[in-house]
Amino acid sequence: MPYAPFSMSDSKKMINIQRLSITISTTITICLICTSLTLAKEKKPKPPKKFPPSPLEITIPDPLLPAEANQQPLSLEQKRILSAALDKLNQEATAKLQAGDTEEAFDTWNRELRLRRYLGTLAEVEALERVGGVAYRKNNRIQIRYITERLQAIQKQIQSQQTNDLQVLQALGEAYRQVRSPSLAVEVYNQILIIFRGKSDIAGEIDTLKTIGKVHLDWFEYQAAATTYEELLSLVSNNSDIEASLKDLAYIYDRTKQHEKAIDTRKKLSLVYRQGNNITQLAALKLAIGSDYETLAKENPNLIDEAFQNYQEAYTMAWELQQYVRAAEALQKLVSLYVAQGQTEDALQTSQILLQAQQRASNFYGMMNVYEQIGNIHLQRQENQLALTAFEKGLKLAQQLGSETDEFTKQIQKISGKV
């Protein structure tokens with residue numbers, strides 16, 4: 001049966017239904033959008049809370065202070081009484097810390113620190129330094145921040161007043177070191193340096209440069225440390241200061257892999273040792289120079305002879321001084337170089353001397369290792385019988401020492417099948 005055509009009334013009904021659907025859909029969408037906006041508004045992240053005010057800046061009256069303390073400076077007698085009371089607070093805080101009450105301990109120390117300023121800037125800075133050190137050891141970061149902020153406020157005050165109180169500045173620098181703020185410490189020490197230079201005080205300048213160099217070294221600022229020690233070397237005159245500065249520089253150049261500068265520095269240091277007749281240090285120095293040359297020889301093979309020469313000098317000096325451990329170290333370096341250069345005959349001859357050095361040093365493990373080394377060199381030269389003899393001697397020592405014997409046994413079995 002054929003479908004009846006739509007009537008006009010049916011069409012109007014369909015249009016109305018479509019309009020109603022669109023209206024409902026639009027309304028729902030708008031509601032959803034509004035709801036989302038409302039939720040987003042409600043969930044808007046709140047600004048972070050501000051740090052609580054520093055307990056070192058609390059201004060409430062304290063019973064330990066005279067009533068007129070904020071109107072006029074304390075008299076000497078009042079300072080004496082207050083100082084004794086604050087020393088007692090320090091003792092109380094220390095006792096609380098030892099008892100495990102860390103929070104109460106620092107609350108007590110903060111009270112002490114607030115009141116120390118009434119005794120003068122130096123007294124306050126020294127107390128901040130002391131408590132700052134404790135805060136660092138206890139990993140109390142918030143307390144370190146309070147103390148650092150107070151130190152910075154004091155530093156700003158000093159700069160605004162243009163005062164050059166060396167005692168205060170030196171205490172300030174040390175306090176920054178205690179709370180591990182190296183850049184702030186160096187800033188203060190540089191200010192101290194200017195003062196000493198203005199007074200042509202060479203001794204003060206040297207001491208300050210030493211401190212700056214140590215701060216840089218402690219924080220692995222090698223380039224800044226090198227600059228400081230190079231400057232220091234231009235000022236120092238006695239051998240002990242020169243030696244210390246050169247050793248620090250050599251260490252820095254080692255860490256930064258500046259081998260050429262390390263060699264130059266150690267050569268200068270060797271002159272200091274010779275002038276002071278300090279021969280015992282020369283063998284170690286020659287070893288280090290040889291090692292630097294060996295490293296440089298990887299890029300410039302012509303320098304390998306310098307490495308050989310310094311190792312040989314180190315061995316000779318150490319042997320004459322009966323420093324057999326150091327002599328053995330130098331001889332081992334020589335053996336390794338000879339092997340690397342394909343000079344196996346020289347390597348074997350030097351290994352025999354190395355055996356004597358290890359024996360005189362009573363280093364039986366060292367002797368065992370040398371026998372293994374000799375055996376391997378003979379194997380390389382296809383001298384199986386000699387290699388077998390060396391490995392057997394090494395095995396005997398290993399058994400006596402209770403050491404690992406598998407490698408020796410394996411080599412002996414392998415060679416025995418050939419000879």
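Be aware that the sequence shown starts at 1, since it is given in the working numbering, and climbs by one per residue.
In this text, a Cβ means the ideal position worked out from N, Cα and C, and glycines have one as well.
Check: Reduced DSSP secondary structure (H/G/I, E/B, other) of residue 394; Outcome: helix
Check: Residue 346 to residue 308 span [Cα, whole Å]; Outcome: 12 Å
Check: Beta-carbon proximity check, residue 128 vs residue 151, cutoff 8 Å; Outcome: yes
Check: Close Cβ partners of residue 105 (< 7 Å) along its chain, the five nearest in sequence each way excluded; Outcome: 93, 96, 97
Check: Top-ranked residue by Cα proximity to residue 234, from 416, 205, 286; Outcome: 205
Check: Alpha helix (DSSP H) runs contained entirely in the segment 94-175, provided each spans 4 or more residues; Outcome: 102-116, 121-137, 141-161
Check: Distance between residue 371 and residue 377 (C-alpha atoms, nearest Å); Outcome: 10 Å
Check: Backbone CA spacing between residue 260 and residue 292 [nearest angstrom]; Outcome: 8 Å
Check: Three-pair Cβ contact test at 8 Å for the segment 264-274 versus the segment 294-303; Outcome: no
Check: Among 160, 281, 189, 125, the one whose alpha carbon lies nearest that of residue 148; Outcome: 125
Check: Rounded Cβ spacing between residue 114 and residue 58 (contact assumed at less than 8 Å); Outcome: 6 Å
Check: Cβ-based burial, residue 322 [other Cβ within 10 Å; buried from 16]; Outcome: exposed
Check: Close Cβ partners of residue 32 (< 8 Å) along its chain, the five nearest in sequence each way excluded; Outcome: Only weak support exists for where residue 32 lies, its pLDDT of 44 falling under 50; the value from the coordinates is given anyway. Here the set comprises nothing.
Check: The segment 243-260 touching the segment 211-228, judged by at least three CB pairs closer than 8 Å; Outcome: yes
Check: Segment limits, alpha helix (DSSP H) that includes residue 220; Outcome: No alpha helix (DSSP H) contains residue 220, which DSSP labels as neither H nor E.
Check: Residue 25 - DSSP class collapsed to helix/strand/coil; Outcome: Legend: pLDDT at residue 25 = 48, less than 50; position of this residue unreliable, value from coordinates given subsequently. In the structure shown, residue 25 sits in a helix (DSSP, three-state: H, G or I).
Check: Enclosing alpha helix (DSSP H) for residue 370 [first to last residue]; Outcome: 364-380
Check: Helix, strand or coil at residue 239 [DSSP, three-state]; Outcome: helix
Check: Simplified DSSP state of residue 74, which is helix, strand or coil; Outcome: coil
Check: Residue 462, buried or exposed, once every other Cβ within 10 Å from all chains shown has been counted against 16; Outcome: What is shown of the chain runs 1 to 419, which leaves residue 462 out entirely.
Check: Where residue 302 sits in the DSSP three-state scheme; Outcome: helix
Check: CA-to-CA distance, residue 367 to residue 405, given in whole angstroms; Outcome: 14 Å
Check: Run of the alpha helix (DSSP H) containing residue 335, from where it starts to where it stops; Outcome: 324-340
Check: Endpoints, the alpha helix (DSSP H) within which residue 182 is located; Outcome: 182-198
Check: Which of helix, strand or coil DSSP assigns to residue 34; Outcome: For residue 34, the predicted model reports a pLDDT of 46, less than 50, meaning its position is unreliable; a value from the coordinates is still stated below. Residue 34: helix per DSSP, three-state reduction.
Check: For residue 457, the nearest candidate out of 334, 397, 392 (CA to CA); Outcome: Outside the shown range of the chain (1 to 419) lies residue 457, about which nothing can therefore be said.
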